[in-house]
Amino acid sequence: MYATTLVNGFPAIQRDGRGVLSVWGQDWEFANWLCELLNELNDTPKLLLNEQDCRWLKQIDHAFDRNMQHA
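Each step along the sequence shown adds one to the number in this note's numbering, with nothing skipped, and position 12 is 44.
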């Protein structure tokens, strides 16, 4: 499940308690919107998404699922 949190003074998106993405410009509205969309992937969609939107979201979800190496 995706959620927003504060990391080093910036909004960030977490997946199952792990930080996966910092949000540029402290845009909490965008961070919350993206979390809602990603969380809808496994549920019956309440939001109207076209096929291209669903593919894009699934690619993001898949990218977050892999272990990322930090420099």
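All C-beta atoms in this analysis are idealised placements derived from N, C-alpha and C, irrespective of residue type, glycine included.
In the three-state scheme derived from DSSP, where H, G and I count as helix and E and B as strand, Gly57 is classed as helix. Using a Cβ distance threshold of 8 Å, Val55 and Ala63 count as a contacting pair. A Cβ-Cβ contact shorter than 8 Å links Cys67 with Tyr34. A Cβ-Cβ separation of about 6 Å places Leu70 in contact with Asp93 under the 8 Å criterion.
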